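Asker:
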Amino acid sequence: MRISVTMLLMLLSFAAGAQTRLQLKQAELLVPRPWKQPVRSFVSSSEAPACDTLDTSDPAVKLILCEDGSWHYSKDFSVLADSSVFRKDWKTNVLNPYNTRLESLPFRITLSLADSASRFVCPCQVKVYSPFGRRRGRYHSGVDLPLPKGTPVPVAFDGEVRVAMSSRGYGNVVIVRHACGLETTYAHLSELKVGSGTWVRAGDIIGLGGSTGRSTGPHLHFETRYDGFAFDPQWLIDFENGILRQGVYVLKRRYLDSSCRYYPESEDDEEQILLSEEQERAEAERIAREKAAEKYHKVQSGDTLYGLALKYHTSVAAICKLNGIKADAPLRIGKSLRVK
Ligand SMILES: [Zn+2]
83 MRISVTMLLM LLSFAAGAQT RLQLKQAELL VPRPWKQPVR SFVSSSEAPA CDTLDTSDPA
143 VKLILCEDGS WHYSKDFSVL ADSSVFRKDW KTNVLNPYNT RLESLPFRIT LSLADSASRF
203 VCPCQVKVYS PFGRRRGRYH SGVDLPLPKG TPVPVAFDGE VRVAMSSRGY GNVVIVRHAC
263 GLETTYAHLS ELKVGSGTWV RAGDIIGLGG STGRSTGPHL HFETRYDGFA FDPQWLIDFE
323 NGILRQGVYV LKRRYLDSSC RYYPESEDDE EQILLSEEQE RAEAERIARE KAAEKYHKVQ
383 SGDTLYGLAL KYHTSVAAIC KLNGIKADAP LRIGKSLRVK
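So the mapping is simple: my numbering equals the position in the sequence shown, first residue as 1, plus 82.
1) If you draw a straight line from the C-alpha of residue 108 to the C-alpha of residue 115, how long is it?
2) Given a threshold of 16 other Cβ atoms within 10 Å of its Cβ, counted over all protein chains shown, does residue 401 qualify as buried or as exposed?
3) Is DSSP giving residue 268 helix, strand or coil here?
4) Within the structure, which residues are defined as neighbours of ligand 1 by a Cβ-heavy atom distance below 5 Å, reported in chain order?
5) Alpha carbon to alpha carbon, how far is residue 263 from residue 403?
6) By the three-class DSSP mapping on this structure, what secondary structure does residue 228 have?
7) Which residue spans inside the segment 239 to 300 form an unbroken beta strand (DSSP E) run of at least 3?
8) Would you identify the three-state DSSP class for residue 329, choosing helix, strand or coil?
9) Between 377, 215 and 208, which lies nearest to residue 228 when the distance is taken from Cα to Cα?
10) To the nearest angstrom, how far is the alpha carbon of residue 130 from that of residue 298?
11) Quick one: residues in its chain with C-beta nearer than 7 Å to the C-beta of residue 269, no 5 flanking neighbours on either side, listed in chain order?
12) How do the segment 283 to 290 and the segment 225 to 239 stand: do at least 3 beta-carbon pairs fall below 8 Å, yes or no?
13) Using beta-carbon positions only, say whether residue 246 and residue 203 come within less than 8 Å of one another.
14) Out of 338, 383 and 147, state which residue places its alpha-carbon closest to the alpha-carbon of residue 185.
15) Can you tell which of 378, 412, 155 and 211 has its C-alpha closest to the C-alpha of residue 300?
16) For residue 315, count neighbouring Cβ atoms within 10 angstroms of its own Cβ and tell me buried if that reaches 16, exposed if not.
17) With distances taken from CA atoms, which of 177, 389, 240 and 392 is nearest residue 249?
18) What did DSSP end up calling residue 404 once you bin it into helix, strand or coil?
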């Protein structure tokens, strides 16, 4: 199974280390080249009915044999359903149930979007007419794609429908959670075709295009979110050509920001990002070292700021600055003062 090979490569690349150059080369191994290739939107009409299902070494993946002799891999949803991804912050009536702090997320998040067992179907192949990000002083948390009313809207990836409801702003909206932790949102639909808890395969119709909610005309408002943080869907999808840019996409944490719009990435950016990560890590280590060097003093009867400054080889001004107090502030017995 290809997935286990990737895991092995990931482990190998994590285990090795040393020179920055070497690390850069190994970091590239985190996502092997073939997985960085674009994935074309899958056309489901070519598939014959299934006649048999076989197990594979991965319990979550089955082999489907079709009547015309063809075969394909397929994800077993009953196995996926046990994954914590589909339990954590699972609310069917809240648009964004997550309560994650951005800083708690890793610098880079690997999203396994499509492989031989998980396909991609472009929800709407058309040029984006309103991009992600700030516009006219307001924040646009997705992309707007022109779509005539009544057009079937396919889901982009396999997953479970978390939200299928009517909301004031989004109108009829469907939010689907995917196995990699990604959520995709389909808003302003004229009709919903699924309910919360429905398992969908990429390409299944989740609703019909419309203009419900705060909308000025028929279009699909499409969002991609990770742990509740919206990011530009164009990092993942080239809507005009109906192509997923990479089967496995490494999402940078700094993209989870309303001011960060998609721009074509180059190899140079990759190296720059890896290097800046090194710097960020060094900065985090420096802060940790400083934190470890901090010193506190519990105020006792008779203590004065001047006395403490002498005792800890510092100055009254420095102690005042560290604690945000004035030099003539009375010291309370038992209070902890930072002196270094
Ligand atoms: Zn929109």
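Glycine residues also receive a C-beta, built at the ideal position from the N, C-alpha and C atoms. For clarity, every value in this text was computed on a predicted model and none was experimentally measured.
Answerer: Working from what's here:
1) Low local confidence applies: a pLDDT of 45 at residue 108 is under 50, so the model's placement there is unreliable, with the coordinate-based value given in what follows. Their backbone Cα atoms lie some 12 Å apart in a straight line.
2) buried
3) strand
4) 226 and 303
5) 44 Å
6) strand
7) 241 to 249, 253 to 259, 264 to 271 and 287 to 290
8) coil
9) 208
10) 41 Å
11) 252, 253, 255, 295 and 303
12) yes
13) no
14) 338
15) 211
16) buried
17) 177
18) helix
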